[in-house]
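Below: the structure, in structure tokens.
Below, the structure is given as structure tokens:
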């Protein structure tokens, strides 16, 4: 297999360990005076967007930031709970850059680029340093040093955290750096603005059309480069752990303007979410992976067991992850844990009203912690109650906010009864195809963070999303953008009255006009829910040829129905959340089809992509490295017409092996 | 559509935009399930409004898991409704009784102008952070993170202050629409950490100045903000900010 | 604008001015209640009159008295400024407010309580202070018998009732004001704040009970 001629990953020469160092020493630079006249548009204000915008502004570039929320601080990075990985080896437990690199490649089921992942692992330590310096209140030990915990798919403790709110604290750190630049006038903020179109001039990205969500006015903005930091597309499933506003619109518009879409079918289903309680449900809530440090996952050994969990004796419980994967136990990677839970539920061992849930039980570790506490406090012959009470206090300190959230949502007290959990859509490894510089196939158009496809292969390890978002923003793009912008120093600011801007704006205007004038009978959510159901059932945790083909035709007809029967109330020139949703769902209806096409094309199982036709006898994912060790980069040709380009993945430093956590 | 057995009456503030006058309108919310969140109940009401050709109620929301700080309803006389320590998106209908009439209003503050219906503009908070809510450290300047040792106790206190989600419930709850709890949470977080020491003085002076310019009211220590804060940010932070401000003003 | 003048125009600066003047006025209450409590010796007002005479004529007390008035006026001015700003900060009010869910009624009613106190103060000064002043300025301070005057004023039931309302307002005003002043001055501490709050509570109750019992005791002729 050879890579498509249209895909040049621009991976630097040299040994794996030296690529990034050498690259940084040789990359073209832009001198400070020229930086002042170069404008950069950043779309999205999550970890990747805020960190990129702040860092680029610090360097002297003129930056404009766009976010659809009312403040950059609301971006969904804020909801990440568990932590952020870094190869600091503070715990002296054998961690290293290589091990983080290796774990990430293996965790991604050998479908990520070696050079990118190694760079990520190299940078990981600096991220912690930077965040620490900003005043991010990481958890600490009594001696004042930083604390770590473990996450899935690793055997070292390398996850830094701030209670169950790590994403919030990291984002607020990046946000304050961004606000500092805004205060200094180096960044101009456009909150409650949605990017509606990319503007290309002579083949290069030169700006965007944005809609002011309060007034409905379309605006034209020029930039020498455009950075899309717009997150993932998990909301194509309607129900996911994403925020309600998360969308694919920016990435999809870029795709339709020539940016290839990489591995769209790689979706992460997170194993520990609160199960669906009814049709009214608008979103799913994650229970952090960190809970698997101390929670044991089980089902009853008896099918359709109607007993309450606390009435099921230990010998009648099936700790299926510990049984199937003794080496990693409850800390297997997310895709493996999710599939195992689905397998149990499908086989009739699930619990709860819908039978689609497994237990996450803290009783054993509550008791263990309780015993440690009694020893610490020199309590001799403590009663069982005393041990449990002390143990609960430890659990509360570690996971208090998560337990409270669980109780608030379900009405059940997880200190007393095991949590009920079920997998849910959480993250999308796929995204815009980018080269080593994070540039898409459109010159001048970059994609950072979850919006790109680059670092996680077919499955992301826990606590790596925060790492990647911040790596891209703080430490990659400030260097790699120079490679492009050093060639642009002679490009003067282009007037937004340029024809390309006018055409792009007219196109958006037309799109909005169409949506407003269908005046059909059904609200946007109706279509979104139906799309989500198709995607979840046929392109979710398990996929097969027949189902995917069916899904493609269903989505095509649903899309037709949408464009003839959707009802968007209100006006276009006002604050109109329904119009925002309609425009986003219109894009999801196109993306969903591409995801199914990609899933259909990939005739193997790997990571989050599980094709029922391709599995081992024990039901594990069966990869086909000979034929599918490539990145699928899809080019948009026309509606329902996508062309596949392959980027071959070469593993020079890691021996590809069957992924085993047994 | 989801079935439930609760029937409620909603009295909701409707306002077309910031320039036009608003008024209360009454809506029926029938067949509501107690397992729905308050916002999901609004989804149901809105879906029915749209289906019957009427305009839905505009409200802000995003993460729906209590962390982004975007949702902002003043429900039955309290920001984020009757339950303590939760945001509106995490408030569930089981906290209400069948037959209840629920009054829903936007955050009220001169510094939070209404955009439409229940959605308000909270950019004033961003401007306060931009005036000093940061540590001036450019990317790449940091030394190894473990070179800064921080007592666990201080780190925990800083974290508790930093847990603020910037929703504005403190302002909404305060009879004076004061933003002291929000501002003090950020001042405190950074005042408690060694990283924040160098800019301590300018930070508190600038942030308070910006807060005053935005048109927030003055703190009279009623404690309503702390009681209504979904993240239980402590009044201690306000005292700490007062202290910092005094020190900064006279040194 | 200089830093100092900005300090008093800032929200926190004004609040601190409120807190400081408030504490100053509270300290006056201690003196006032101590002197007046002399009537409970029940010696026909001899001790009380001596103390009152000292307070009315001692030059140092005279100077402090000026400071007291200045403090009171500043307290009122800053209260007005703050209240006007607070009203402006919420141009459109709520239709339904469930204030009791998050705060004490008296904490939310400092303006009303303060206004009641001010009205009471005017009456109170008219009853006692003006006569004493006239006596001092006309050189008749030695003949002036404040105790008798007290007996005269408190022989009318509605005046006693008015005083009780005044003292009631004072009780709730300082119930909030005492601990609030410490919070405003930044004196909030996990260990000490509960002590401050308790002190404030008992201080308010004891001082106001003593004040309230004076007109009542005289009206009931328990003090002769």
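Chains as they are written, first to last, in my numbering: chain V, 1 to 662; chain X, 1001 to 1251; chain Y, 2001 to 2224.
Every residue, glycine too, gets a C-beta built ideally from N, C-alpha and C.
Would residue i and residue j be called neighbours here (beta carbons separated by less than 8 Å)?
{"i": "residue 209 of chain V", "j": "residue 508 of chain V", "result": "yes"}
{"i": "residue 1073 of chain X", "j": "residue 1032 of chain X", "result": "no"}
{"i": "residue 278 of chain V", "j": "residue 1098 of chain X", "result": "no"}
{"i": "residue 636 of chain V", "j": "residue 430 of chain V", "result": "no"}
{"i": "residue 1023 of chain X", "j": "residue 2092 of chain Y", "result": "no"}
{"i": "residue 418 of chain V", "j": "residue 309 of chain V", "result": "yes"}
{"i": "residue 1216 of chain X", "j": "residue 2017 of chain Y", "result": "no"}
{"i": "residue 462 of chain V", "j": "residue 449 of chain V", "result": "no"}
{"i": "residue 548 of chain V", "j": "residue 502 of chain V", "result": "no"}
{"i": "residue 520 of chain V", "j": "residue 565 of chain V", "result": "yes"}
{"i": "residue 159 of chain V", "j": "residue 85 of chain V", "result": "yes"}
{"i": "residue 597 of chain V", "j": "residue 552 of chain V", "result": "yes"}
{"i": "residue 1268 of chain X", "j": "residue 132 of chain V", "result": "Given a span of 1001 to 1251 for chain X in the structure shown, any question on residue 1268 of chain X remains unanswerable."}
{"i": "residue 2084 of chain Y", "j": "residue 1208 of chain X", "result": "no"}
{"i": "residue 1188 of chain X", "j": "residue 1218 of chain X", "result": "no"}
With distance defined between alpha-carbon atoms, name the residue in the options nearest to residue i.
{"i": "residue 65 of chain V", "options": "V:120, V:3, V:27, V:190", "result": "V:190"}
{"i": "residue 1046 of chain X", "options": "X:1065, X:1247, X:1151, X:1117", "result": "X:1117"}
{"i": "residue 411 of chain V", "options": "X:1159, X:1092, X:1010", "result": "X:1092"}
{"i": "residue 168 of chain V", "options": "V:22, V:238, V:80", "result": "V:80"}
{"i": "residue 485 of chain V", "options": "V:75, V:78, V:204", "result": "V:204"}
{"i": "residue 2116 of chain Y", "options": "Y:2169, Y:2132, Y:2154, Y:2134", "result": "Y:2169"}
{"i": "residue 437 of chain V", "options": "V:234, V:427, V:454", "result": "V:454"}
{"i": "residue 1232 of chain X", "options": "X:1167, X:1194, X:1205, X:1190", "result": "X:1167"}
{"i": "residue 595 of chain V", "options": "V:22, V:177, V:642", "result": "V:642"}
{"i": "residue 1230 of chain X", "options": "X:1184, X:1144, X:1090", "result": "X:1090"}
Taking 8 Å as the CB-CB limit, is residue i close to chain X?
{"i": "residue 11 of chain V", "result": "no"}
{"i": "residue 386 of chain V", "result": "no"}
{"i": "residue 2089 of chain Y", "result": "yes"}
{"i": "residue 2046 of chain Y", "result": "no"}
{"i": "residue 2082 of chain Y", "result": "yes"}
{"i": "residue 2192 of chain Y", "result": "no"}
{"i": "residue 2020 of chain Y", "result": "no"}
{"i": "residue 105 of chain V", "result": "no"}
{"i": "residue 76 of chain V", "result": "yes"}
{"i": "residue 2062 of chain Y", "result": "no"}
{"i": "residue 2117 of chain Y", "result": "no"}
At least one CB of chain V closer than 8 Å to the CB of residue i: is that the case?
{"i": "residue 1247 of chain X", "result": "no"}
{"i": "residue 1116 of chain X", "result": "yes"}
{"i": "residue 1100 of chain X", "result": "no"}
{"i": "residue 1197 of chain X", "result": "no"}
{"i": "residue 1158 of chain X", "result": "yes"}
{"i": "residue 1070 of chain X", "result": "yes"}
Can you tell me where the alpha helix (DSSP H) holding residue i begins and where it ends?
{"i": "residue 445 of chain V", "result": "Counting along the chain, residue 445 of chain V falls outside any alpha helix (DSSP H), though it belongs to the beta strand (DSSP E) covering 445 to 447."}
{"i": "residue 1994 of chain Y", "result": "In the structure as shown, chain Y starts at 2001 and stops at 2224, and residue 1994 of chain Y therefore has no counterpart that could be examined."}
{"i": "residue 2065 of chain Y", "result": "2059 to 2088"}
{"i": "residue 2153 of chain Y", "result": "2146 to 2153"}
{"i": "residue 1042 of chain X", "result": "1038 to 1051"}
Provide the residue span of the beta strand (DSSP E) that contains residue i, from first to last.
{"i": "residue 1008 of chain X", "result": "1006 to 1014"}
{"i": "residue 218 of chain V", "result": "218 to 222"}
{"i": "residue 252 of chain V", "result": "Element bounds for residue 252 of chain V: not the beta strand (DSSP E) but the alpha helix (DSSP H), 249 to 256."}
{"i": "residue 300 of chain V", "result": "296 to 300"}
Beta-carbon of residue i versus every beta-carbon of chain Y: anything under 8 Å?
{"i": "residue 1217 of chain X", "result": "yes"}
{"i": "residue 1124 of chain X", "result": "no"}
I'd like to know if residue i contacts chain A, where contact means its C-beta is closer than 8 Å to some C-beta of that chain.
{"i": "residue 2184 of chain Y", "result": "Included in the structure are the protein chains V, X and Y, with no chain A among them."}
Relative to the ligand NAP, is the shortest distance from any of its heavy atoms to the C-beta of residue i smaller than 7 Å?
{"i": "residue 1077 of chain X", "result": "In terms of ligand content, the structure shown is empty, and the ligand NAP therefore cannot be addressed."}
Based on the DSSP output, what are the partners of residue i in its beta bridges?
{"i": "residue 140 of chain V", "result": "V:146"}
{"i": "residue 630 of chain V", "result": "V:648"}
{"i": "residue 1178 of chain X", "result": "X:1217"}
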